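S.K.:
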Amino acid sequence: MEDPKRAAAIAALNEIPNRGHGAVLIVGLGTGSTSRLFVEELGARVRAGWNLFGVPTSESTRALASAVGIALLDDEGPWDIDVNVDGADEVSAKLDLIKGGGAAHTREKVVNYASRRNVIIVDATKMSTKLGERWPVPVEVLPFANGTTRAHLERLGVPVLRVRDGHPVKTDAGNLIFDLKAGPIADPGALDRALRGIPGVVETGLFVGRADVVLVAGGAGVERLVPRA
Ligand code: 5RP
């Protein structure tokens, strides 16, 4: 089988209404290596005549989408996004998600909530029973008083400041990320609410009930999962 991430990205093209023909579509563009493959594939379809605009979830996705020929809407909105395609770091049996491995989860959540349908593309290594078994929860915080915010986070798990090349990772908005070890998480919705109740927390990487379709690529092909009613 080809690269599973690319297989999931190509399968997501089937989730685009009318496959880009007919009325102009608005497509949310996720962030990360799997989303990157989707943006590349979508760009090829746009160059072949698909009629759509994108809404990027990060500056890296903006740069890539522009490079492959996808016209983009401005950042202000409001947008009415037909379908959003994004990756995830972990997907639970209930199809709840942990996102934010690419430090883009705040914009990703904004775009997710502005979308009629959310399609998540992952390889099979991302699947777990309960969230938090495989990944910590990324929490974006303001730099201001981040030591105080961290102390509050310690009531809910073990926060680790995300660092790369010896420097704190900054989000596109200039904020910091604490990766909160809190798993396995019994009630992701309750944890999300508790985290967002802490002043200084901008957003969490917990996406509860926010996936309409999850495309999981593994050795046997791409499986299409939808939440149980
Ligand atoms: C970025 C994300 C990504 O979707 C997530 O990290 C998955 O990335 P990849 O496709 O590279 O495994 O949430 O903030």
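So the sequence shown is numbered by the working numbering: it starts at 56 and just counts up by one.
All residues carry an ideal CB built from backbone N, CA and C; glycine is no exception.
Note that this is a predicted model, so its numbers are computed, not measured.
Any heavy atom of the ligand 5RP within a distance shorter than 7 Å of the CB on G157?
M.R.: Yes, Cβ of G157 sits closer than 7 Å to a heavy atom of the ligand 5RP.
S.K.: To the nearest angstrom, how far is it from the Cα of P198 to the Cα of L231?
M.R.: Their backbone Cα atoms lie some 6 Å apart in a straight line.
S.K.: Got a sec? Which residues, its chain only, sit under 7 Å from R205 by beta carbon, not counting five neighbours each side?
M.R.: P214 and F233, listed in sequence order.
S.K.: Distance, Cα to Cα, M56 vs G276?
M.R.: Annotation note: pLDDT 48 at M56 (below 50); position unreliable, coordinate value reported separately. Computed Cα separation, rounded: 7 Å.
S.K.: Run through the DSSP bridge pairs and tell me what D178 is partnered with.
M.R.: Answer is A272.
S.K.: Do the CB positions of E96 and A64 come within less than 8 Å of each other?
M.R.: Their beta carbons are under 8 Å apart, which means E96 touches A64 by this criterion.
S.K.: Could you tell me if N173 is buried or exposed, where buried requires 16 or more neighbouring beta carbons within 10 angstroms of its beta carbon?
M.R.: Buried: at least 16 other Cβ atoms inside 10 Å.
S.K.: Cβ-heavy atom distance between E163 and the ligand 5RP below 7 Å?
M.R.: E163 Cβ: within cutoff of the ligand 5RP.
S.K.: So, D141 versus G83, is the Cβ gap smaller than 8 Å?
M.R.: Closer than 8 Å, so yes.
S.K.: What is the DSSP secondary structure of I65, counted as helix, strand or coil?
M.R.: If DSSP states are grouped into helix, strand and coil, I65 belongs with the helices.
S.K.: Look up P193 in the DSSP assignment and say whether it is helix, strand or coil.
M.R.: If DSSP states are grouped into helix, strand and coil, P193 belongs with the strands.
S.K.: Answer yes or no: do A291 and T226 have a C-beta to C-beta separation smaller than 8 Å?
M.R.: Absent from the model: residue 291. The displayed extent of the chain is 56 to 284, so no value can be given.
S.K.: Do three or more CB pairs link the segment 233 to 244 to the segment 175 to 195 at distances below 8 Å?
M.R.: Yes, they touch.
S.K.: Between the beta-carbon of A179 and the beta-carbon of P59, is there less than 8 Å?
M.R.: Cβ distance < 8 Å, so A179 and P59 count as in contact.
S.K.: Just to check, is the beta-carbon of K225 closer than 7 Å to a non-hydrogen atom of the ligand 5RP?
M.R.: It does not: the Cβ of K225 is nowhere closer than 7 Å to a heavy atom of the ligand 5RP.
S.K.: Thinking C-beta only, is L186 closer than 8 Å to E145?
M.R.: For E145 and L186, yes; Cβs fall inside 8 Å.
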